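Chemist:
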Amino acid sequence: MIPFEPFDKIRGAFLGAGYGDLSGEFFEVKQVHGDGIVVLRDARDMAKQAGREADAVICARWGIPIAVRTADCVPILVAHPQRVVAVVHAGWRGTVAGVLEKTLLQMRDAFQLDLSEAALAIGPAIGPECYEVGEDVAQAFRARDEAAFLKEIGNGKFLLDLKAANAAQALRLGVSEALLELRPECTRCAAERFHSHRAALARGEAKAGRNYSWLMISP
């Protein structure tokens, strides 16, 4: 477990392997590798929004634990001292779609927040030394002027730094570098600690487990 408790009465963590199936412990959406966002302003929104297709959840109500699941994609936790939090699931498609950017902008505009006061943690995910992608993915990042996060390795293959790409999105919108934590753990390299889709494939397993990343506002 890697705790994330940047402000009083806001707590969360990145959970790796060894926690089992935590279904039902958190409010979750149906993750679809897109840029959809669910906003919870009070407890009544939970029933209306549960299971909706989205890749980010914003919450301004205490007592609701929100979470995303990952197995190489990037989990992102966002907390603001005015008691608004968010969890984001960013694979390469979500990153290209700007799911983190859109989440931060919605937090800012819906709750009149100063993003320079927000704390943001980019959690364990597949690292740039392990995340090999093809020309189609590389072209999608070039189209966003984000070729800097690609390293060509030949034969039409590239290494992609997905964590750095999301950090850059946050910094462009005014998140303070001093309040941005970028975890170094690579899920593929540390497959004994974290669930990893690519590590599972290498072991001949049909499906990987999931790492939970969660946040909650306390009363």
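The working numbering runs 45 ahead of the 1-based position in the sequence shown. For each residue, glycine too, the CB sits at the ideal point set by N, CA and C. None of the values given here were measured: they were computed from a predicted structure.
Check whether the segment 86-96 touches the segment 130-146, counting contact only when three or more Cβ pairs, one atom from each stretch, lie closer than 8 Å.
Modeler: At 8 Å Cβ cutoff, the stretches do not touch.
Chemist: Which of the three DSSP states is assigned to S221 in this structure?
Modeler: What you label residue 221 is simply residue 176 of the sequence shown in a count that begins at 1. In this structure, S221 counts as coil in the three-state DSSP scheme.
Chemist: Would A101 pass as a contact of D80 if the rule is Cβ separation under 9 Å?
Modeler: Against the sequence shown, residue 101 aligns to sequence position 56. Against the sequence shown, residue 80 aligns to sequence position 35. Taking 9 Å as the Cβ cut-off, A101 and D80 qualify as a contacting pair.
Chemist: Please state if the CB of G61 and the CB of E50 are separated by a distance shorter than 9 Å.
Modeler: As a position in the sequence shown, residue 50 is number 5, starting the count at 1. As a position in the sequence shown, residue 61 is number 16, starting the count at 1. Not closer than 9 Å, so no.
Chemist: If you draw a straight line from the C-alpha of Q184 to the C-alpha of F194, how long is it?
Modeler: On the sequence shown, residue 184 is found 139 positions in, with the first residue counted as 1. On the sequence shown, residue 194 is found 149 positions in, with the first residue counted as 1. Cα-Cα distance, rounded: 12 Å.
Chemist: Between the beta-carbon of A105 and the beta-carbon of F72, is there less than 9 Å?
Modeler: In the sequence shown, residue 105 corresponds to position 60, counting from 1. In the sequence shown, residue 72 corresponds to position 27, counting from 1. No, these two residues do not count as a Cβ contact at 9 Å.
Chemist: Using a 10 Å radius around the Cβ and a threshold of 16 neighbouring Cβ atoms, would you call M261 buried or exposed?
Modeler: Stepping through the sequence shown from its first residue, residue 261 is reached at position 216. Its Cβ being crowded by 16 or more others within 10 Å, M261 is buried.
Chemist: Could you work out which residue in L149, C175, S258 and V132 is closest to A247 when comparing CA atoms only?
Modeler: If you number the sequence shown from 1, residue 247 lands on position 202. Considering only alpha carbons, the answer is C175.
Chemist: Where does T115 fall in DSSP's three states?
Modeler: As a working note, residue 115 is residue 70 in the sequence shown. Strand, per DSSP.
Chemist: Quick check: what's the CA-CA separation for D206 versus P173?
Modeler: Reading the sequence shown from its first residue, position 161 is the one you call residue 206. Reading the sequence shown from its first residue, position 128 is the one you call residue 173. Going from the Cα of D206 to the Cα of P173 covers about 4 Å.
Chemist: I think K196 touches I167, with their Cβ atoms under 8 Å apart; what is that distance to the nearest whole Å?
Modeler: Here the question's residue 196 lines up with position 151 in the sequence shown. Here the question's residue 167 lines up with position 122 in the sequence shown. Going by Cβ atoms, the distance from K196 to I167 rounds to 19 Å, so no, they are not a contact pair.
Chemist: Going along the chain, which residues of its own chain have a beta-carbon closer than 7 Å to the beta-carbon of R153, five neighbours each way excluded?
Modeler: Here the question's residue 153 lines up with position 108 in the sequence shown. Result list for R153: L160, in chain order.
Chemist: Can you grab the Cα-Cα spacing for the pair Q157 / K147, in whole Å?
Modeler: For this step, residue 157 is matched to residue 112 along the sequence shown. For this step, residue 147 is matched to residue 102 along the sequence shown. Approximately 15 Å between the Cα atoms of the pair.
Chemist: Taking all protein chains shown into account, decide if R217 is buried (16 or more other Cβ within 10 angstroms of its Cβ) or exposed.
Modeler: Counting from 1 along the sequence shown, the entry for residue 217 is found at position 172. Under this definition R217 is an exposed residue.
Chemist: Mind checking N200: buried by the 16 CB within 10 Å criterion, or exposed?
Modeler: Counting from 1 along the sequence shown, the entry for residue 200 is found at position 155. Label assigned to N200: exposed.
Chemist: Measure the C-alpha to C-alpha separation of S221 and A163 and round it to an integer number of angstroms.
Modeler: By 1-based counting over the sequence shown, the position of residue 221 is 176. By 1-based counting over the sequence shown, the position of residue 163 is 118. Cα to Cα, S221 sits roughly 8 Å from A163.
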